Amino acid sequence: MKKYGIMGGTFNPIHLGHLMISEYIREDMQLNEIIFVPTGNPPHKKTTDAELRYRMVELAVEENQYFSISDIEVRNSDISYTVDTITKLEKELDGKIYFIIGSDTLFQLKTWKKIDLLFEKVEFICAIRPEYVSTQILDLELKYLKQKYKAEIHIVETPLYEISSTDLRNRISKGKSVKYLIPDKVIDYIKEKELYK
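Structural data, given as structure tokens:
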């Protein structure tokens, strides 16, 4: 059975941290494919147009045979909830689905729409940066989610990569270099479209 990892996000812009963590997780969890799912245009959040963000992700993942991209949320003009996205992806994919999150998101899961149904549909992979989160607090949360929802959550330690899309947008707006932080093809696209000016 094929194993798919779903990596959702605004990717505004996508950077090497996203790609590096995805590759770590793919290898560690022996996934056949990682599917990047850029969010659509959320009505409550000012973000770069979904089509432009989609294209940046497309350029970033094209050199890795194990990475692909889905426009399932970009096509949706409403707010996309993970449970709805997964329900649609289940119909397209033949195999087991894992949803990739960061440690910050782990503590918000219990507030997600229909989280009980989502835990039935997918297993979660939580990327943890060593020493970034208390093991005790993490264990308590995992125990709670397991007991309440029968949640299956895999912890994968990933390298520390202290860069954020917000910082990158600020650097670009000030005309500073983002080389070695963002894939070259994405940098060229940002320049061509004059993004984040």
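So the numbering used here is basically just the index in the sequence shown, starting at one, shifted up by 75. All C-beta atoms, glycine included, are put in the ideal place defined by N, C-alpha and C. Being a predicted model, the structure only gives us computed values, none of them experimental.
Item to check | Proximity to Q140 [Cα-Cα], best of F182, E165, I265 and N107 | outcome: N107
Checklist entry - Pick from K218, K223, S240 and I147: whose alpha carbon is nearest that of I230? => result When only C-alpha atoms are compared, the closest one is K218.
Next on the checklist: Is it buried or exposed, T114, if we count other Cβ atoms within 10 angstroms and call 16 or more buried?
Outcome noted: buried
Next on the checklist: Using a Cβ-Cβ cutoff of less than 6 Å, which residues in the same chain neighbour G84 once the five nearest sequence positions on both sides are dropped?
Outcome noted: none
Checklist entry - Is the CB-CB distance between I81 and F174 below 7 Å? => result yes
Item to check | A226 in three-state terms, based on DSSP | outcome: A226 falls in the coil class under three-state DSSP.
Next on the checklist: Taking a contact to mean a Cβ-Cβ separation below 7 Å, would you say I147 touches V136 in this structure?
Outcome noted: Not a contact, by the Cβ cut-off of 7 Å.
Item to check | DSSP state of K166 mapped onto helix, strand, coil | outcome: helix
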